[in-house]
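Throughout, the numbering used here is defined as the position within the sequence shown, counted from one, plus 17. All residues carry an ideal CB built from backbone N, CA and C; glycine is no exception. Just so we're clear, the structure is a prediction, and the values are computed from it rather than from any experiment. Working notes for the structure below.
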Amino acid sequence: MDNYDFSQQPQESKITLIDRIYGERTELLQKLLTIASIVLFFVCPIIIIYYLILSLSYVGNMNYEFQVISTYMFSGVTHSITYIVYALILASLKRIISK
Numbered sequence: 018m019d020n021y022d023f024s025q026q027p028q029e030s031k032i033t034l035i036d037r038i039y040g041e042r043t044e045l046l047q048k049l050l051t052i053a054s055i056v057l058f059f060v061c062p063i064i065i066i067y068y069l070i071l072s073l074s075y076v077g078n079m080n081y082e083f084q085v086i087s088t089y090m091f092s093g094v095t096h097s098i099t100y101i102v103y104a105l106i107l108a109s110l111k112r113i114i115s116k
């Protein structure tokens with residue numbers, strides 16, 4: 018005979034990190050806001066890497082290397098901060114709509 022215990026508690030469904038941040042996704046608009054926000058968060062490091070490569074490629078042809086690198090890197094950081102703010106605004110709109 019098997020010694021299987023039938024009194025086990027049912028397991029709760031696992032909540033993902035995205036569900037914790039954004040809440041439950043119920044409507045199409047909420048899904049689109051979530052997807053757009055996640056895409057913007059993933060674009061930010063790509064922008065910084067892009068501007069780093071761009072600044073290093075321009076340094077070979079110009080004088081004042083530090084000024085060129087710092088200008089392009091500052092531009093990349095400001096662009097990525099802008100996208101992070103947009104992503105946070107979309108995430109907060111999604112939370113407001115879902116209430």
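Counted as a single uninterrupted DSSP element, the alpha helix (DSSP H) harbouring Tyr67 occupies residues 45-76. Nearest neighbour of Leu71 by Cα position, chosen from Leu57, Val60, Ser87, Val56, turns out to be Ser87.
Straight across, the Cα-Cα distance linking Tyr75 with Val85 is about 8 Å. By the Cβ-count criterion, Lys111 is buried, with 16 or more other Cβ atoms from all chains shown falling within 10 Å of its own Cβ.
Distance from the CA atom of Leu69 to the CA atom of Lys48, rounded to whole angstroms, is 33 Å. A distance of 8 Å or more separates the beta carbons of Leu46 and Ile106. Around Tyr89, the same chain offers Tyr68, Leu71, Ser72 as residues with beta carbons nearer than 6 Å, after the five sequence neighbours per side are excluded.
For Thr99, the number of other beta carbons within 10 angstroms of its own is below 16, and it is reported as exposed. A Cβ-Cβ distance of about 10 Å is found for the pair His96 and Ile63, leaving them out of contact under the 8 Å criterion.
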